[in-house]
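Letter by letter, the sequence shown follows residues 1214 to 1724 in the working numbering. Note that the Cβ used here is the ideal one computed from N, Cα and C, for glycine as well. What follows is one structure encoded as structure tokens, with my remarks underneath.
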Amino acid sequence: MARRAEKFDEITDVIVAGYGFAGAAAAIAAADAGKRVLLLEKMAVPGGISICSGGGMRVATDADKALAYLRATNAGSVPDELLAAFAVELTRLPGELAALAAINGAKLTTLDRPASYALAGHDAFQFIEVESVPDFDASTEYPNATSLRAGINAFKVLDDNVRARDRIEVRLSSPVERLVHGDAGEILGVEVRTANGSRRIGTRHGVILACGGFESDAVMQRQFWQFYPVLPAATRGNTGDGIRMAQVLGADIWHMWHFHGSYGFRHTDPAYVFGIRTKKLPDWVPGLPSAPVRMSWILVDQTGRRFMNEYEPYAHDTGHRAFDRFDATTTRFPAMPAYLVFDEAGRRMYPVAKSFINDPEIKTYDWSQDNLREVGLGILKRAESIAELARLMKVPEPALAETFVRWNRECTDNSVDDFGRPAATRVPLGSPPYYFGEVWPVVSNTQGGLVHDVGQRVRNPFGEVIPRLYVAGELGSIWGFLYLAGGNLAECFISGRIAGGNVAAETALAP
Ligand SMILES: Cc1cc2nc3c(=O)[nH]c(=O)nc-3n(C[C@H](O)[C@H](O)[C@H](O)COP(=O)(O)OP(=O)(O)OC[C@H]3O[C@@H](n4cnc5c(N)ncnc54)[C@H](O)[C@@H]3O)c2cc1C
């Protein structure tokens, strides 16, 4: 029998696929356990979606209360033992983040932010953000990336930690294409595409898949979601590769329907493949005193009527869900696309959208402050009357006119809205001109992926572990029904550290 070394072009201790937060956290943990780590990134730039994020990392002050909330929001979609372990980890995360931040003197800030829904335990949570990093100029260091808020600072912290560890080697433009396995299904290495062709790399301990979800994979989306298209928000790199590779080995998958996202515009230049999400307005918690701000727009579907609360409590998470209604009488999705409408005063309020992307070849589209550049580009259209608006939108004029009347009445009498939109967020549609743009569901990140145990070991549908195969980050996300804001980033750090530590503890394979 051939020696393992003869089957591979090179051998290392641990291989990590994907250089976002999860991959970085996994690589750091494995390196700190004394292993040599090869961190392989598909794109020419690191950071994945992570670098574009708001950088809000969820932590908990009380594990029992956090568990109650996680149970309520996951609705039985993931095993309780995972939630229980995760709740405890959330209480430990502040210490870990502080240790990582010490690398470059980054300043962390803790914000009191209850979870999005007033369910048991919702008040046991806070956010940690990397407020600043000394001498860090994001536009010089990561010129291809733009970030919602502090995600780019958090990436700098991880990137500096990776660079400080000699045991970690990073290779960009190195997509992992296949897992190499032995007769018992145990993972022996990977096949990687390089500029010089395919390369087989062996591992002594195992492989961690941290290569994100399927935000940019239209084929997988068509299989798991009924509506389409759903536009990716941030990166072209995440195309479900980890799911496909692990499925070859018999991996189980969970809650593939669930994704974190909202609604947004399509650029009129087809080369800009990303959905441009509507402006992120502050979230609010139903049933609790909060001050949601004024939202300049309403949405109508192709019948000319409103169909959802445009300002849901956590609109950037669940904002896409109402678009997924199929009308069996017309055999259409009436809200695909929907129309976002505002008036002249609304146009002047603030930019209605903004894009955050990480791409080596596409520059972030910079939405104009007054929303006028987009009118010039045709992303938004202008109408001088309701009749013209209806004609351009191709919706029935009487229905649209009635929508205006009803909406304006709700704005003045503060009556209960059909869809639950809070009175404080409502802005009347006054005099023309009016503006509208087609909006589509936008996926910020997927939550479905590989089933795993508490140790981040990938499992098959019989609950058996696939030897030496680990998962970290959103590829194995535990968010099965209602997402906890900041939970994805917390999960990257927690699952990455656990996967990195456990893979390092695997008995080394013989040469
Ligand atoms: C605008 C925006 C704001 C957000 N804000 C927040 C927030 O504030 N808090 C929060 O918790 N979550 C937030 N999220 C979600 C969060 O950013 C992601 O869920 C999380 O960063 C995913 O991290 P990851 O490491 O699992 O994946 P990624 O960061 O996407 O990294 C995966 C990497 O794997 C690479 N890859 C893919 N396939 C392969 C392959 N075959 N071989 C090698 N590499 C591969 C990809 O190119 C990518 O670099 C936000 C998302 C968006 C879009």
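query                                                                                                                  : result
Selection from D1277, S1644, L1590 and N1317 that minimises the alpha carbon distance to V1370                         : N1317
Rounded Cβ spacing between V1513 and T1638 (contact assumed at less than 8 Å)                                          : Contact flag wrong, Cβ pair sits at about 17 Å.
Beta-bridge pairing of V1684 - partner residues as DSSP gives them                                                     : L1422
Whole-angstrom C-beta distance between L1296 and L1321, which should lie under 8 Å                                     : Incorrect: roughly 26 Å between the Cβ atoms, too far for contact.
Residue range of the unbroken alpha helix (DSSP H) whose run includes Q1434                                            : A1431 to F1437
DSSP bridge partner residues for H1665 (one or two, in chain order)                                                    : V1671
Closest residue to V1671 among G1686, G1699, G1308 and S1628 (Cα-Cα distance)                                          : G1686
Any non-hydrogen atom of ligand 1 within 8 Å of M1270 CB                                                               : yes
Under 9 Å between C-beta atoms of G1699 and R1391                                                                      : no
Contact the stretch 1422 to 1436 vs the stretch 1636 to 1650: 3+ CB pairs below 8 Å                                    : no
N-terminal and C-terminal residue of the beta strand (DSSP E) that G1261 is part of                                    : First-last for G1261: undefined, no H or E at that position.
L1361 versus P1724: straight-line alpha-carbon distance, rounded                                                       : 46 Å
Identified DSSP bridge partners for L1253                                                                              : A1230 and R1384
Buried or exposed by the 16-neighbour rule on C-beta atoms within 10 Å, applied to G1402                               : buried
Contact between the stretch 1235 to 1243 and the stretch 1700 to 1717 (3+ Cβ pairs under 8 Å)                          : yes
Any non-hydrogen atom of ligand 1 closer than 8 Å to M1508 Cβ                                                          : no
P1347, buried or exposed, once every other Cβ within 10 Å from all chains shown has been counted against 16            : exposed
N1317 Cβ short of 8 Å to ligand 1 heavy atom set                                                                       : no
For K1248, three-class secondary structure by DSSP                                                                     : coil
Straight-line gap, T1323 to T1274 (C-alpha atoms, nearest Å)                                                           : 12 Å
Whether R1305 touches L1702 by CB criterion (9 Å)                                                                      : no
Alpha carbon of H1529 to alpha carbon of M1549, nearest angstrom                                                       : 18 Å
Limits of the unbroken alpha helix (DSSP H) element including A1528                                                    : A1528 to T1531
Alpha-carbon spacing of R1545 relative to T1516, whole angstroms                                                       : 11 Å
Pair within 9 Å by beta-carbon distance, S1503 and T1491                                                               : no
Straight-line Cα distance separating I1599 from G1662                                                                  : 45 Å
F1675 versus H1394: straight-line alpha-carbon distance, rounded                                                       : 19 Å
Straight-line gap, V1655 to F1427 (C-alpha atoms, nearest Å)                                                           : 13 Å
Nearest to E1404 (by Cα), restricted to the options E1610, E1704 and G1455                                             : G1455
Three-state secondary structure (DSSP) of K1320                                                                        : strand
Residues of its chain near A1311, where Cβ-Cβ distance is below 8 Å and the 5 sequence neighbours each way are ignored : L1321
C-beta contact flag for I1262 and A1446 at 9 Å                                                                         : yes
Beta strand (DSSP E) runs wholly inside the stretch 1596 to 1678, at least 3 long, in chain order                      : 1647 to 1659 and 1670 to 1672
For T1407, the first and last residue of its enclosing beta strand (DSSP E)                                            : I1400 to T1407
contact_flag[the stretch 1626 to 1633, the stretch 1246 to 1264] where n(CB pairs < 8 Å) is 3 or more                  : no
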